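Start counting the sequence shown at -6; every next residue gets the next number (my numbering).
No residue lacks a Cβ here, since even glycine has one placed at the ideal position from N, Cα and C.
Only a predicted model underlies this, so the values are computations on that prediction, with no experimental measurement involved.
Reading through the structure tokens given below for one structure.
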Amino acid sequence: MSNTDQARESLYQPQYGHFIDGEWVSGDSGKTIDLMNPCNGQVLSRIAAGNERDVERVVAAATKAFSSWSQSSPNERQELMVEIARRLKARLEDYAMLETLNNGKPLRESLNFDLPQTIAQFELFAGAAFHLHGETLDYPDAIGLVHREPIGVCAQIIPWNVPLLMMASKIAPAIAAGNTVVIKPAESVCLSVMEFFQEMADILPPGVVNVVTGYGADVGEPLVIHPDVRKVAFTGSVPTAQKIIQYASRNIIPQTLELGGKSAQIVCPDADLEAAVEGATMSTVLNKGEICLAGSRLFLHESIQEEFLARLKVSLEGVRLGDPASIETQMGPQASVMQRDKVCSYLELGQQEGASVVTGGSRASGAGLDQGNFIQPTIFSNVTNDMRIAQEEIFGPVTCAITWRDEEEVIRLANECNYGLAGGVWTQNIGVAHRIARGMQTGTVWINRYYNLKSGMPIGGYKQSGFGREFCFDVLNHYTVTKSVIVNLQDGPMGMYAQ
Ligand code: NAI
Ligand code: MG
């Protein structure tokens, strides 16, 4: 084994159990799931394949911890979050490497996107500990008090595409508001999340955040239907969300759901083409397209379409594919064989549907690529908005270019989609920019810079992209319930039943 391999292996454990009540415990069944490196198919570590009995234990721990954590002071909660952020910063490079090894995202993205965004969540919600307050209403004969209370044990189920950031955006607001958490990371990619709890075990009060690992159906269902669980937050696919809603109906618990996307990126005739081509490149290759916010429907005005596609082709063909752990690499492999195969099936479908391949269109091969799940960054042109490749979430480095002629038409086309998570507009005209942004049925619109994520700005969906807003203080409403207390200021009875 090389020195580099040894140094990387020292960053994580060969195996992880569940993290329950501040302790690492082995799973009930003894069965495990391998965490793989999608760049070479090698096993990195193992996690426990949890079951119903593990869920019982983990919910019991969170339930017990709720009685004290819900009474903790804002200072205590703020301090915890500040310390987590400090430790993440201190080992930023280690965590970035873990994210890269297990997910396949390039190290330059883990370092410059995933980790800073993750840290920002703890910093944002450190402030929220003091921001949670009720209100008072004054009446001539009464005072109304609205208390804001934590909701209880929260089940949080997260995906494999941005594991640390998903974990942060879920646990930070929940614990800032005084709740306790059971988090279930994705079974394919969660090395960074497991190592996070390994490191933070000494500062997390026992039972406040617990981790149970395993396959979705084995662990997710018993968790969400557990009578002591009071809320579920989920990020992932629509079919799984439909099941989560059914589970949640058992005990009538509220849900926040952040699902897929097929976001429209609209390029107007007067756009800064250099910037817009960069935006379209980034939107195609960032995290190998495994991002719910990807602008995977690219609406090009007919007057600039030809030039735009020619430039985009050059840009994408210059993207450096390779070992994501190398700082030079600009795009890594898809996170799993399953995901790779799904993307490949859409590459075939696109050709069957009559789209043309501008660039890419198949698996990437060559030195260092054959052992991994690499796919060429792909642009389809001659796409119509009703094709399946234009309507379904591919979750890979594949963007569909669609032609448009007038503003009304492009807004209509952008909205002809079951999803509505993000979107982009490229124009120098402020009126056009805002008219299109207003017209788009979507939760986020980026004007003249795609993926311009700003701490505190809400993220969430219209339509089948889900509901509830995260990454912002608004999410605190999902993690709290109000209690109205009305104090009567008048003496004596009202006299309603006076004899
Ligand atoms: P998924 O929705 O099945 O998985 C997400 C999480 O849900 C994982 O932790 C998984 O273990 C859990 N889960 C699965 N079945 C469950 C069940 N019955 N009960 C409770 N939890 C369950 O997504 P999957 O299968 O990994 O990916 C399929 C597609 O979903 C992707 O190709 C992509 O299109 C979309 N997706 C969207 C994401 C987003 O960020 N909105 C993230 C991940 C996937
Ligand atoms: Mg699934």
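Cβ of Ser230 within 7 Å of any heavy atom in the ligand NAI? Within the sequence shown, residue 230 is the residue found at index 237, counting from 1. Yes, Cβ of Ser230 sits closer than 7 Å to a heavy atom of the ligand NAI.
Going by C-alpha distance, which of Glu142, Leu342, Asn481 and Cys261 is nearest Ile136? Indexing the sequence shown from 1 puts residue 136 at position 143. For the residues Glu142, Leu342, Asn481 and Cys261, the minimum Cα distance to Ile136 belongs to Asn481.
Would you check if the distance between the CB atom of Pro370 and the CB atom of Gly353 is smaller than 8 Å? Within the sequence shown, numbered from 1, the residue matching residue 370 stands at position 377. Within the sequence shown, numbered from 1, the residue matching residue 353 stands at position 360. For Pro370 and Gly353, yes; Cβs fall inside 8 Å.
Where does Ser374 sit, in a helix, a strand or coil, going by DSSP? Translated into the one-based positions of the sequence shown, residue 374 becomes position 381. Strand.
Name the two residues that bound the continuous alpha helix (DSSP H) containing Asp(-2). For the purposes of this step, residue -2 is taken as residue 5 along the sequence shown, with counting starting at 1. Run containing Asp(-2): Asn(-4) to Glu2, per the alpha helix (DSSP H) assignment.
Return the chain-ordered list of same chain residues with a C-beta closer than 8 Å to the C-beta of Leu28, the five sequence neighbours on each side being excluded. Counting from 1 along the sequence shown, the entry for residue 28 is found at position 35. Correct list, in chain order: Val36, Leu37, Ser38, Arg39, Ile40, Asn95, Ser181, Val182, Cys183 and Leu184.
8 Å contact criterion, which Pro178 and Pro143 should meet: CB distance rounded: Position 185 of the sequence shown, counting from 1, holds the residue named residue 178. Position 150 of the sequence shown, counting from 1, holds the residue named residue 143. Pro178 to Pro143, Cβ: 23 Å. No contact.
With 16 as the cutoff for other CB atoms within 10 Å, does Glu300 come out buried or exposed? Within the sequence shown, numbered from 1, the residue matching residue 300 stands at position 307. By the 10 Å Cβ count, Glu300 comes out exposed.
Using three-state DSSP, classify Gln239 as helix, strand or coil. To locate residue 239, count along the sequence shown from 1; it is residue 246. Three-state DSSP puts Gln239 in a helix.
Whole angstroms are fine: how far does the CA of Gly343 sit from the CA of Glu463? Numbered from its first residue, the sequence shown carries residue 463 at position 470. Numbered from its first residue, the sequence shown carries residue 343 at position 350. Computed Cα separation, rounded: 33 Å.
Apply the 10 Å Cβ neighbour rule to Met489 and answer buried if 16 or more other Cβ atoms are within range, or exposed otherwise. Sequence index remark: in the sequence shown, residue 489 carries index 496 (1-based). Exposed, by the Cβ-count rule.
Between which two residues does the beta strand (DSSP E) holding Val205 run? Within the sequence shown, numbered from 1, the residue matching residue 205 stands at position 212. From DSSP, Val205 is part of no beta strand (DSSP E); its letter is neither H nor E.
How would you write the range of the alpha helix (DSSP H) that Asp47 sits in, first residue to last? As a first step, residue 47 is located in the sequence shown; it is residue number 54 there, counting from the start. Residues Glu45 to Trp62.
Check whether the Cβ of Thr206 lies closer than 7 Å to any heavy atom of the ligand MG, and answer yes or no. Residue 206 sits at position 213 when you count from the first residue of the sequence shown. No; taking the cut-off as 7 Å, the Cβ of Thr206 has no heavy atom of the ligand MG nearer than that.
Should Ala268 be labelled buried (16 or more other beta-carbon atoms within 10 Å of its own) or exposed? Sequence index remark: in the sequence shown, residue 268 carries index 275 (1-based). By the 10 Å Cβ count, Ala268 comes out exposed.
With 16 other CB atoms within 10 Å as the buried threshold, where does Ile395 fall? Counting from 1 along the sequence shown, the entry for residue 395 is found at position 402. Answer is buried; the Cβ neighbour count reaches 16.
Out of Asn445, Asn422 and Ser66, which has the shortest C-alpha to C-alpha gap to Cys261? In the sequence shown, the residue the question calls residue 261 occupies position 268. The residue with the shortest Cα to Cα distance from Cys261 is Asn422.
Helix, strand or coil for Ala169? Go by DSSP, reduced to three states. Here residue 169 is taken as the residue at index 176 of the sequence shown, counted from 1. Ala169 falls in the helix class under three-state DSSP.
Would you say the region 356 to 374 touches the region 423 to 435, given that touching needs at least three Cβ pairs under 8 Å? no
Using the C-alpha atoms, what's the distance from Leu138 back to Met487? Residue mapping note: residue 487 aligns to position 494 of the sequence shown, counting from 1. Residue mapping note: residue 138 aligns to position 145 of the sequence shown, counting from 1. Each residue's alpha carbon lies about 22 Å from the other.
Less than 7 Å between C-beta atoms, sequence neighbours within five positions excluded: which residues of the same chain meet that for Ile254? Position 261 of the sequence shown, counting from 1, holds the residue named residue 254. The amino acid at residue 254 is misidentified as Ile; the sequence shows Gly. Contacts found: Cys285, Leu286, Ala287, Glu386, Tyr412, Leu414, Ala415 and Ser458.
Spatial neighbours of Ile112 in its chain, beta-carbon cut-off 7 Å, leaving aside the 5 residues before and after: Numbered from 1 along the sequence shown, position 119 holds the residue referred to as residue 112. Result list for Ile112: Ala78, Leu81 and Lys82, in chain order.
Within 10 angstroms of its Cβ, does Glu128 collect 16 or more other Cβ (buried), or is it exposed? For this step, residue 128 is matched to residue 135 along the sequence shown. The residue in question, Glu128, is exposed, as its Cβ has fewer than 16 Cβ neighbours within 10 Å.
Stretch pair the region 191 to 208 + the region 114 to 122: three plus CB contacts closer than 8 Å: no
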